[in-house]
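Presented below is the structure to which this report refers.
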Amino acid sequence: MKLTEFAFVKEFIAFAEAGWQKGWHERNGGNLSYRVPAEDIEACRDLLDFSRPYAPIGTAVPALGGQFFMVTGSGKYMSNVLSNPADTCALIQLDEAGENYRIVWGLVNGGRPTSELPTHLMNHEVKMLATDGAHRVIYHCHPANLIALTFILPLEDEYFSRELWEMMTECPIIFPAGIGVIPWMVPGGREIAVVTAEKMKIYDAAVWAHHGLFCSGADFDATFGLAHTIEKSAEIYIKVHSVVEKKRQTITKDDFIQLAKDFGVTLTEEFLK
Ligand code: 13P
Ligand code: ZN
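Here is the structure:
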């Protein structure tokens, strides 16, 4: 059996292709990572090569020490994951301190994991601890409508959360905590990773101004669905405000309170003003 025949790898590849089909991954834009369960690693251990050297992650994620992650490669195109996963992706193992990684499968023609590895791993650490191990997927994409909103709305969690909730009735049920907003920062390093991970302690999604979106979820479907919902909501905002300056009617505070009650979700109180 090849690694690409394992269910988790097939799902990883299908996710990358779905993101590409949505238009969220121009060139090498965006990246994906999956915290692989120990039982899957046991099942595929014979296919892994543990001889490659460790390299620094660029940050420390001690709670993730020893764990394995499927990741996309830096500079690799999401559009090529389906046709050539072994060239575009890697399975990596972290050392016990959670400070270094080594490639145990993939990136067969050279290269390294995504430049956003510090953000992916710091988000994984925060979400694993916050969800009692449930969350396993971190996804970064460049969806046009959401990026456009970062030129229009105040860069505050409150504005983004409330406006996106208002654009589609099921949004507050899908992201009841809201969405975090991070001002423009240089991508690819520890600094933006630290700021993003702080937001991910509260939210399952964070937007990087003038750049893109990070989402976290328990599985591939939930994570993709969250990104899709946020981007669609942003698209509706852009459509509405392309036609009129001010909404004629909308979902009200009282409507949100009723919705939350009926669907059994807790909405972030201060976004309900
Ligand atoms: P990588 O090609 O290194 O994954 O970077 C793409 C990207 O979107 C950076 O934010
Ligand atoms: Zn990016």
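The sequence shown runs 78 to 350 under my numbering. The beta carbon of each residue, even a glycine, is placed where N, CA and C say it ideally should be. Keep in mind the model is a prediction, meaning the values are calculated, not measured.
- Contact between T81 and P162 holds, with the beta-carbon distance rounding to 5 Å and staying under 8 Å.
- Taken from the Cβ of P264, at least one heavy atom of the ligand ZN lies inside 7 Å.
- The count of Cβ pairs closer than 8 Å, one atom from the stretch 258 to 265 and one from the stretch 179 to 188, stays below three, leaving the stretches out of contact.
- Boundaries of the alpha helix (DSSP H) around M277: R267 to M277.
- Boundaries of the alpha helix (DSSP H) around A84: A84 to K99.
- The beta strand (DSSP E) runs lying completely inside the stretch 203 to 272 and spanning 3 residues or more are 214 to 218 and 257 to 259, given in chain order.
- For G150, the three-state secondary structure derived from DSSP is strand.
- Residue nearest to T227 within the set I256, V214 and T208 is I256 (criterion: CA-CA distance).
- By the Cβ-count criterion, P133 is exposed, with fewer than 16 other Cβ atoms from all chains shown falling within 10 Å of its own Cβ.
- For V113, the pairing in a beta bridge is given by DSSP as F145.
- Here DSSP, grouped into helix, strand and coil, assigns I169 to strand.
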